[in-house]
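Take the sequence shown: its letters are residues -18 to -1, 1 to 135, numbered as in mature numbering (1 follows the signal peptide of the UniProt record, and there is no 0). Report on one structure; see the data block that follows.
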Amino acid sequence: MKFLFLALACVHYTLRKAQQGAGDGLDKGACSKFCTISEELNKVQGNTAEHLQAFNTIRVKNKQTQLRLQIYATEAQDDTARIKAATLALWLSRKADAATTAGLRTASKKAINGVATALYAKGRVDELLELMAQTKSGSHGCLVNGNSGREAQ
């Protein structure tokens, strides 16, 4: 979401500079800033799989430890140790289930939405860059130098 607001702020800056110059052009300096934003948004990697894998790793470790504790509880000679191992195994089972639930309900949704927002913002910036290129190459298009001088391109 913050990428979208950043892109909107840059659009506002560009349009303001374009109005100051000639009214029918774009500031050359602003075009390069949009290219930079597009490149930075392209670097955002989809790490949803890593988040889900981390939750699954926690779940698997807890389940494996739970099984070892259950085996120990059946083999232990001391009743106190047997009760402690069985109780800890039950606690780890619940903890593994909680990690799975958290991963599937909350974290995965956040990760997927974060990547989707960045990709959407990148698409919007790229679309704006295409429109700027059309303005530059159009028959009545021009780029504004920033010092109220026009440079036809």
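Note that CB positions come from ideal geometry on N, CA and C, so glycine has one too. Because the structure is a prediction, the values reported are computed rather than measured.
A Cβ-Cβ separation of about 10 Å leaves Ala80 out of contact with Phe37 under the 8 Å criterion.
Ranked by Cα distance from Thr69, the first of Lys92, Arg50 and Ala103 is Arg50. If you draw a straight line from the Cα of Ile53 to the Cα of Val42, it comes to about 17 Å. If you draw a 10 Å sphere on the C-beta of Gln48, you find 16 or more other C-beta atoms in it, and that means buried.
If you draw a straight line from the Cα of Ala103 to the Cα of Ala84, it is about 27 Å long.
Here the alpha carbon of Thr88 sits roughly 39 Å from the alpha carbon of Ala58.
Between Ala78 and Ala55 a beta carbon distance of about 17 Å is seen, past the 8 Å cut, so the two are scored as non-contacting. For Leu74 against Asn44, the beta-carbon gap comes to about 5 Å, under 8 Å, which counts as contact. Between the C-alpha atoms of Glu32 and Thr39 there is a straight-line separation of about 10 Å. In this structure, the alpha-carbon of Glu112 lies about 25 Å from that of Gly96. Along the length of the stretch 55 to 121, whole alpha helix (DSSP H) runs at least 4 residues long occupy 61 to 84 and 90 to 119, reported in chain order.
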